[in-house]
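Residue numbering for the sequence shown follows numbering that gives the first Met the number 0, beginning at 0 and increasing consecutively.
In this text, a Cβ means the ideal position worked out from N, Cα and C, and glycines have one as well.
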Amino acid sequence: MNAALENLPAEIRREILDALDYDSLRALTRAIPIFHQQYRLDRRYLLRGCLKRTLGAAAVDACAAYRSSPDRFTDACKRESVAEFLRAYQDRRSSPTGSILDEALTETDIVAMVAFHFTVIEPLFNRFISWALGYLAKETGESLRHKPLSTTEAVRVMRAMYRFQLCCNLFHDRRDRFGRFYSESIDVIKLFFCLFEPWEVEEIICIYNFSHDEFDRIFCDMHWDLHPENPRFDDQGRPPTPIGAFDFDNSVMCGFELLHTVLFKMRDHEHLVTTMQKNISVLGELFEGAVSEGTQWVRRNEQRSERDLKEQRRDPLPFVGDLEPDGRPSSNCPPLAWTLVWKGTYSNLYGDYLDDEMRRWGYVMWDAARLETEGGRALLSRQWGTDWDPRDTV
0 MNAALENLPA
10 EIRREILDAL
20 DYDSLRALTR
30 AIPIFHQQYR
40 LDRRYLLRGC
50 LKRTLGAAAV
60 DACAAYRSSP
70 DRFTDACKRE
80 SVAEFLRAYQ
90 DRRSSPTGSI
100 LDEALTETDI
110 VAMVAFHFTV
120 IEPLFNRFIS
130 WALGYLAKET
140 GESLRHKPLS
150 TTEAVRVMRA
160 MYRFQLCCNL
170 FHDRRDRFGR
180 FYSESIDVIK
190 LFFCLFEPWE
200 VEEIICIYNF
210 SHDEFDRIFC
220 DMHWDLHPEN
230 PRFDDQGRPP
240 TPIGAFDFDN
250 SVMCGFELLH
260 TVLFKMRDHE
270 HLVTTMQKNI
280 SVLGELFEGA
290 VSEGTQWVRR
300 NEQRSERDLK
310 EQRRDPLPFV
320 GDLEPDGRPS
330 SNCPPLAWTL
340 VWKGTYSNLY
350 GDYLDDEMRR
360 WGYVMWDAAR
370 LETEGGRALL
380 SRQWGTDWDP
390 RDTV
């Protein structure tokens, strides 16, 4: 078999490589030297195609997350620069003709994006699916075994993950607050959340809640190790926060690389403790502040939008099917769960206006078929079974 493959013309070898998924591409190029040589010659083209097929409509979000990473977006010290970056991102999302993957990406860029996706995002993607659908099965009594994700479901989860990473990159301050603009919760809404439909913001919040739960579990395992009252800090004389002793509730906004590291790369408990000591955030409430009722109220008063007017009019927003996302903004394709919550009319509320328990199973991520067959629709009715409408209070 190998001999037959090795004797194929270069054009055919290239077509074969271009049709493979990432794991198959790696396996073939490692097994047959001539295919490895072909891969080296066409690496940018082949990896770009592989990444484009894998990401689908989430490719625009993945590019933005990559370009906004701290070592690439070096002008994050200015609010205007962040706003300009996000305007360009929105333009790319809105473009009807532009390539879903940035043509300006170099081979180095694409290699880095591939490494981040398959090393960091994919394991956490799978972990999120287990977290959310595991909770759904627990609450409904259905089997833990679930049908594979549809393309629509996979894109919803993947784009939400990259959008959350983008939010972390742009608004989480890892350096001295005077080294870049000191972002506040209202900036997250005005500059970032305003780009998305409210159910898409809920998708991002689902990812935040997943990350928060994972960090909570980790922190419970090591709370005493870095607690200010631990005797190990008695001789340091820095109450109430001795060197090495921190409040861990503020680390979610460090992004997925830290979460992946502490979940998959720790050698032992002490390695976990020292890793967390080096990656403590002081701005963890930034995201939760942005989704609070108070901050949303401020935004409505300072920057009223067309979405607010659609909510005020209770514009119809029926479920029209689980249409495959194309990466561009859409105001008429909400998931079934969203239309059930708001009874088929428009709402621009999210975050604290809704029940966190619904996000525990990623309610806005799933297709109608899954809601019907795996008990999600009945669970949603129990968790949001109220005649009270929070839109009447804003």
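Counted within 10 angstroms of its Cβ, other Cβ atoms place residue i as buried (16 or more) or exposed
i, result
"Cys-49", "buried"
"Trp-365", "buried"
"Asn-347", "buried"
"Pro-147", "exposed"
"Arg-394", "Shown here, the chain extends from 0 to 393; a query on residue 394 therefore has no answer."
"Gln-295", "buried"
"Pro-317", "exposed"
"Trp-387", "exposed"
"Gly-55", "buried"
"Phe-263", "exposed"
"Pro-8", "exposed"
"Leu-16", "buried"
"Pro-197", "buried"
"Ala-18", "exposed"
"Ala-114", "exposed"
"Arg-312", "exposed"
Own chain residues within Cβ distance below 7 Å of residue i, not counting five before or after
i, result
"Asp-351", "Val-290, Ser-291 and Glu-292"
"His-259", "Val-119, Pro-122 and Leu-123"
"Glu-310", "Tyr-345, Ser-346, Asn-347 and Arg-390"
Supposed close pair residue i, residue j - CB separation, criterion 8 Å
i, j, result
"Thr-53", "Tyr-88", "At roughly 20 Å, the Cβ-Cβ gap does not stay under 8 Å, so Thr-53 and Tyr-88 are not in contact."
"Thr-154", "Ala-57", "For the sequence presented, residue 154 should be read as Val rather than Thr. About 6 Å; that satisfies the 8 Å criterion."
"Leu-85", "Leu-194", "7 Å"
"Cys-219", "Phe-191", "Not really, about 30 Å apart at Cβ, beyond 8 Å."
"Arg-358", "Asn-208", "5 Å"
"Val-187", "Leu-257", "About 19 Å; that fails the 8 Å criterion."
"Arg-299", "Val-393", "7 Å"
"Glu-323", "Thr-150", "6 Å"
"Ala-367", "Asp-321", "6 Å"
"Met-221", "Val-272", "5 Å"
Sub-8 Å separation of residue i and residue j beta-carbons
i, j, result
"Asn-168", "Ser-67", "yes"
"Ile-109", "Leu-46", "yes"
"Asp-127", "Ile-203", "The question names Asp, but residue 127 in the sequence shown is Phe. No, the Cβ-Cβ distance between Phe-127 and Ile-203 is not below 8 Å."
"Gln-164", "Gly-288", "no"
"Glu-106", "Arg-158", "no"
"Met-252", "Val-261", "no"
"Phe-214", "Ser-250", "yes"
Close Cβ partners of residue i (< 8 Å) along its chain, the five nearest in sequence each way excluded
i, result
"Val-319", "Asn-331 and Cys-332"
"Gly-375", "Leu-135, Thr-139, Ala-336, Trp-360, Tyr-362, Trp-365 and Arg-369"
"Arg-12", "Leu-4, Ile-33, Phe-34 and Gln-37"
"Gln-382", "Asp-354, Glu-356 and Met-357"
"Ser-142", "Ala-136"
"Leu-379", "Ala-336, Leu-339, Val-340, Met-357, Tyr-362 and Leu-370"
"Thr-385", "none"
Coil, strand or helix - residue i by DSSP
i, result
"Pro-315", "strand"
"Arg-174", "For Arg-174, the predicted structure reports a pLDDT of 45, less than 50, and the residue's modelled location is therefore unreliable. The matter cannot be settled from this model."
"Thr-344", "strand"
"Lys-277", "coil"
"Lys-189", "helix"
"Pro-333", "coil"
"Lys-137", "helix"
"Thr-151", "helix"
"Gln-89", "helix"
"Glu-373", "coil"
"Gln-302", "coil"
"Asp-388", "coil"
"Glu-14", "helix"
"Asp-290", "The sequence as given places Val at residue 290; Asp does not occur at that position. Three-state result, Val-290: coil."
"Asn-229", "coil"
"Gly-55", "helix"
"Asn-125", "helix"
"Pro-69", "coil"
"Met-265", "coil"
"Glu-256", "helix"
"Gly-361", "coil"
"Pro-6", "As written in the sequence, residue 6 is Asn, which differs from the Pro given in the question. Asn-6: coil per DSSP, three-state reduction."
"Tyr-349", "coil"
"Phe-195", "coil"
"Ala-111", "helix"
"Arg-144", "coil"
Own chain, CB closer than 6 Å to residue i, minus 5 neighbours either side, in chain order
i, result
"Asp-314", "Tyr-345"
"Gln-302", "Lys-189"
"Arg-162", "Asp-60 and Ile-203"
"Pro-334", "Val-363"
"Ala-111", "none"
"Val-340", "Trp-383"
"Glu-201", "Tyr-349 and Val-363"
"Leu-132", "His-145"
heavy atom of the ligand SAH below 7 Å from residue i C-beta
i, result
"Val-81", "Ligands in the displayed structure: none, and consequently the ligand SAH is not present."
Interface flag, residue i vs chain B, CB-CB below 8 Å
i, result
"Pro-69", "The question asks about chain B, but that chain is absent: this structure has only one protein chain."
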